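Here the sequence shown stands for residues 356 to 486, numbered as in my numbering.
Every residue gets a Cβ at the ideal spot worked out from N, C-alpha and C, and that includes glycine.
Predicted model, so just to flag it, every value in this text is computed and none were measured.
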Amino acid sequence: MKHMILFLSLAASVVLPSCKKDKAPNYGGAPNAISGQWVLDAGYMQLQAGTILPEWGFGTDYKYEKKRGMAFASATEQGTYSLTPGPANGYTLTLKPRNGNSYTVTVTGITAKSAYLKESADAPTFIYLRK
């Protein structure tokens, strides 16, 4: 019985990690216009204590990660994105979350250090800084 439990736990420790999919963005490939990590420039805002600054990660493998929320209730969204030329020398990103419907984000004013992100037509535009 002890041998069977030992064998099953050893088999599980070998097999289960190999089944896990890597869903986090990879930043090591050939960069595109928005690849990298971006964090909200909150220097001009008043934020509630415990607020997690919204952060985007756009991988060179066209996977993204969005973090936001409060320290006690954070949320992370992951999925894939496509990049098409958009308004004002910017880009329109079509984001497809793993568990949700596609939506678009407009990115304009892209420099080596900052960009403007607008998550929907009626949302305000925010400045994000490249990490």
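Candidates the options: closest to residue i by CA position
i           : options            : result
residue 430 : 477, 384, 411      : 411
residue 459 : 466, 473, 453      : 473
residue 427 : 485, 438, 403, 463 : 403
residue 446 : 385, 465, 486      : 465
residue 436 : 452, 422, 424, 425 : 452
residue 392 : 405, 434, 382, 448 : 382
residue 485 : 380, 413, 432      : 413
Chain C contact for residue i (CB, 8 Å cutoff)
i           : result
residue 451 : Here chain C cannot be found, since the structure has a single protein chain.
Three-way DSSP call (helix, strand, coil) for residue i in this model
i           : result
residue 423 : strand
residue 380 : coil
residue 401 : coil
C-beta atoms of residue i and residue j nearer than 8 Å
i           : j           : result
residue 476 : residue 463 : no
residue 407 : residue 421 : no
residue 434 : residue 461 : no
residue 396 : residue 471 : no
C-alpha gap between residue i and residue j, whole angstroms
i           : j           : result
residue 479 : residue 384 : 31 Å
residue 481 : residue 450 : 18 Å
residue 418 : residue 394 : 17 Å
residue 389 : residue 378 : 18 Å
residue 456 : residue 448 : 14 Å
residue 399 : residue 469 : 15 Å
residue 409 : residue 424 : 7 Å
Residue burial classification, residue i (beta-carbon count within 10 angstroms, cutoff 16)
i           : result
residue 374 : Bear in mind that the predicted position of residue 374 carries a pLDDT of just 43, short of 50, making it unreliable; the figure below should be weighed with that in mind. The residue in question, residue 374, is exposed, as its Cβ has fewer than 16 Cβ neighbours within 10 Å.
residue 439 : exposed
residue 386 : exposed
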